[in-house]
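Novice: The structure that follows is given in the form of structure tokens.
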Amino acid sequence: MSMRRLLQLTLDLFDPPAPPVPPAAPSAPAEARPGPPAEALAPLIAPVRFAHPRANRELALAEARIAYAFRRGQRRTIGFSVGPDGLVVSAPRWTPLPEVEAALREKSGWILRKLGEAHERQQKLAMARIAWCDGATLPYLGEPLLLALAPRQASGAGTLAQAGGPGLPPTLQIGLPSGAAPEQIRDAAQAWLMRQARRLFTERLDHFAPQLGVQWRKLSLSNAGTRWGSARSDGSIRLNWRLVHLRLPVIDYVVAHELAHLRVMDHSPRFWDAVGSVMPDYAERRGQLREAVVPPW
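With our numbering as the guide, the letters of the sequence shown map in order to residues 37 to 333.
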């Protein structure tokens with residue numbers, strides 16, 4: 037089902053109730069058929085509302101109310117951007133508010149679709165959040181990995197153990213006492229994941245570089261919130277260590293993408309031809325990367 041259809045279903049669900057229709061003669065006393073309490077119906081009759089935390093204006097679009105952050109500046113046109121916090125609208129200093137609101141209504145379909153996608157993504161991120169405790173799970177190379185505290189193991193060390201039985205995930209045993217704080221568990225798990233990331237990225241860089249006819253010289257791990265990698269003409273590559281949460285084919289796409297920049301330092305057709313020369317299905321993997329959700333750290 038498309039996001040547009042999902043959003044329409046949401047809006048339909050929250051449509052105002054239809055005018056009351058005279059009831060037919062009841063076949064049983066009303067007290068025998070109690071309806072839901074008013075507090076249970078309240079969420080079903082409330083309008084959809086998207087609110088930016090720094091909102092200073094609000095407008096009704098279709099069946100939704102949009103509280104957005106509005107700012108004026110040195111620009112020539114009205115601009116819209118939708119991020120995790122919601123809608124931001126920028127306009128020239130001289131543009132009257134009615135004109136801004138008319139532009140919002142004209143772009144209402146796009147705005148509502150993007151807000152719905154951002155809301156859905158935030159829900160997925162909330163579901164992906166890791167509870168840092170003994171027995172927690174986290175994604176590793178696209179598969180679940182079980183965390184287990186191992187007090188007898190060297191302090192802070194991490195050891196990967198194979199699954200204990202069919203259908204069970206492998207286990208990352210961390211050398212921490214049973215009463216370790218969540219922050220200690222998180223830091224130890226992150227240190228192990230970053231070591232695996234460096235090892236894996238080095239291996240994949242060495243795999244694809246000869247195929248692309250380039251030579252990389254330095255690998256750095258990043259923790260960027262919105263960027264998976266970067267490359268410099270001197271052969272330096274930066275890759276986000278959190279890629280280790282994702283499946284290997286998606287990691288390979290990012291590696292090949294950055295190595296291809298050592299041949300073409302832009303996103304021209306020549307660049308994509310270079311990526312395609314080692315990864316014919318790069319467009320599919322790129323789409324998978326865009327849809328990927330990694331746990332917030």
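Cβ atoms here follow ideal geometry from the backbone N, Cα and C, with glycine treated the same way.
Quick one: give me the first and last residue of the beta strand (DSSP E) that leucine 275 is part of.
Specialist: 272–276
Novice: Using three-state DSSP, classify proline 332 as helix, strand or coil.
Specialist: The DSSP-derived three-state label of proline 332 is coil.
Novice: How far does the beta strand (DSSP E) with valine 125 in it extend, from its first residue to its last?
Specialist: 122–128
Novice: Identify whether isoleucine 287 lies in helix, strand or coil by the three-state DSSP scheme.
Specialist: helix
Novice: Out of Trp308, Pro218, Phe116 and Leu181, which one is the CA nearest neighbour of glycine 203?
Specialist: Selected option, being the one with the closest Cα: Leu181.
Novice: So what's alanine 66 in DSSP terms, helix, strand or just coil?
Specialist: A caution first: alanine 66 carries a pLDDT of 38, below 50, which makes its placement in the model unreliable, though a value can still be read off. Of the three classes helix, strand and coil, the one that applies to alanine 66 here is helix, per DSSP.
Novice: Measuring CB atoms only, is the region 268–277 touching the region 305–323, in the sense that at least three cross pairs come out at less than 8 Å?
Specialist: Taking a cut-off of 8 Å for Cβ pairs, the region 268–277 and the region 305–323 do not touch, as fewer than three such pairs fall below it.
Novice: Check for me: the beta strand (DSSP E) holding glutamate 94 runs from which residue to which?
Specialist: 93–97
Novice: Histidine 303: buried (16+ other C-beta within 10 angstroms of its C-beta) or exposed?
Specialist: exposed
Novice: Leaving out the 5 sequence neighbours to the left and right, which residues in its chain are closer than 6 Å to proline 316 when beta-carbon positions are compared?
Specialist: none
Novice: Measure the beta-carbon distance from alanine 100 to histidine 88 and round it to whole angstroms, keeping in mind my assumption that it falls under 8 Å.
Specialist: At roughly 13 Å, the Cβ-Cβ gap does not stay under 8 Å, so alanine 100 and histidine 88 are not in contact.
Novice: Rounded to whole angstroms, how far is the Cβ of tryptophan 168 from the Cβ of proline 218, which I believe are closer than 8 Å?
Specialist: 4 Å
Novice: Does lysine 254 come out as helix, strand or coil in the three-state DSSP assignment?
Specialist: strand
Novice: Am I right that valine 286 and alanine 328 are in contact with their C-beta atoms under 8 Å? What's the rounded C-beta distance?
Specialist: 6 Å
Novice: Between the C-alpha atoms of valine 280 and leucine 236, what's the straight-line distance to the nearest angstrom?
Specialist: Rounded to the nearest whole angstrom, the CA to CA distance from valine 280 to leucine 236 is 8 Å.
Novice: Quick one: what's glycine 265 bridged to in DSSP?
Specialist: Leu275
Novice: Output the boundary residues of the beta strand (DSSP E) element that contains isoleucine 102.
Specialist: 100–109
Novice: Could you check what DSSP says for alanine 78 in three-state terms: helix, strand or coil?
Specialist: With a pLDDT of only 38 at alanine 78, under the threshold of 50, the placement of this residue in the model should not be trusted, and no figure is reported.
Novice: In angstroms with no decimal places, state the Cα-to-Cα distance between phenylalanine 106 and alanine 98.
Specialist: 20 Å
Novice: Alpha carbon to alpha carbon, what distance is there between asparagine 259 and histidine 155?
Specialist: 23 Å
Novice: Could you tell me whether the Cβ atoms of leucine 248 and leucine 177 are closer together than 9 Å?
Specialist: no
Novice: Thinking proline 331 and isoleucine 221 are a contact (beta carbons under 8 Å), I'd like their distance in whole angstroms, please.
Specialist: That pair is no contact at about 13 Å.
Novice: How should leucine 185 be labelled, buried or exposed, when 16 other C-beta atoms within 10 angstroms of its C-beta is the threshold for buried?
Specialist: Residue environment analysis places leucine 185 among the buried positions, since at least 16 neighbouring C-beta atoms fall within 10 angstroms of its C-beta.
Novice: Give me whichever residues DSSP pairs with leucine 185 in a beta bridge.
Specialist: In DSSP, leucine 185 forms a bridge with Ile210.
Novice: Under a three-way DSSP split, which group does glycine 312 fall into?
Specialist: helix
Novice: Only counting the same chain, and skipping five residues up and downstream in sequence, which positions put a Cβ closer than 8 Å to that of glycine 115?
Specialist: Val125, Ser126 and Ala127
Novice: Less than 9 Å separating the beta-carbons of alanine 225 and leucine 183?
Specialist: yes
Novice: For the alpha helix (DSSP H) containing arginine 85, list its first residue and its last residue.
Specialist: Not the alpha helix (DSSP H): arginine 85 falls in the beta strand (DSSP E), residues 84–87.
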